[in-house]
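Read through the structure below, which is laid out as structure tokens, and then see the notes.
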Amino acid sequence: MADHRRLASNSVVAVAAFTLALGAALYAVYLLAHWPFGAAQVAMLAFLAVLTAVLHLWQENGLIEDPKGFMFRFMLGLIIKLGSSLVAIAAILLLLPRERALPLALTFAVLYLAFLAFSTVRLSARSRNAPRP
């Protein structure tokens with residue numbers, strides 16, 4: 112049980128640190144480009160951070176409970192993240208005027224790719240160091 116709590120806190124801290132660093136970089140890019148930075152960008156960061164943290168908790172617990180089933184969880188997590196991100200981008204493009212939707216959709220796509228790279232690298236490293244059955 113202590114392993115689960117330690118693993119959960121490590122996952123949440125790692126995702127939070129990555130989100131803060133990515134948010135600072137995003138803010139700097141928007142500031143340098145003289146683009147307005149607001150609630151929409153923060154909401155995109157928060158959405159992807161929460162989704163990534165929840166998926167990491169579920170996936171990393173799979174390493175402890177069922178190391179052989181981890182790959183299924185890993186691939187299912189990628190599908191869940193892709194599907195929910197496609198729905199979010201479609202909503203942005205359909206609900207907002209084109210002049211606002213296009214920059215937000217592109218920003219979301221870049222953030223999605225950054226979180227995807229973070230997840231893949233972190234979970235790959237975790238799976239290499241996982242206990243073997």
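Residue numbers (our numbering): 112 to 244. The beta-carbon is built from N, C-alpha and C at its ideal position, and this holds for glycine as well. Since the structure is predicted, the reported quantities are computational estimates derived from the model, not experimental observations.
Contact between the segment 161-178 and the segment 233-240 is present, with at least three C-beta pairs closer than 8 angstroms. Phenylalanine 219 is positioned such that its CB atom lies no closer than 8 angstroms to that of alanine 201. According to the DSSP assignment, phenylalanine 183 belongs to the alpha helix (DSSP H) that extends over 181-206. In this chain, the alpha helix (DSSP H) harbouring asparagine 172 covers 150-176.
Around the C-beta of glutamate 171, 16 or more other C-beta atoms lie within 10 Å, and the residue is accordingly described as buried. Proline 214: member of the alpha helix (DSSP H) spanning 209-239, first to last residue.
About 12 angstroms separates the beta carbon of valine 124 from that of alanine 160, a gap too long to meet the 8 angstroms contact definition.
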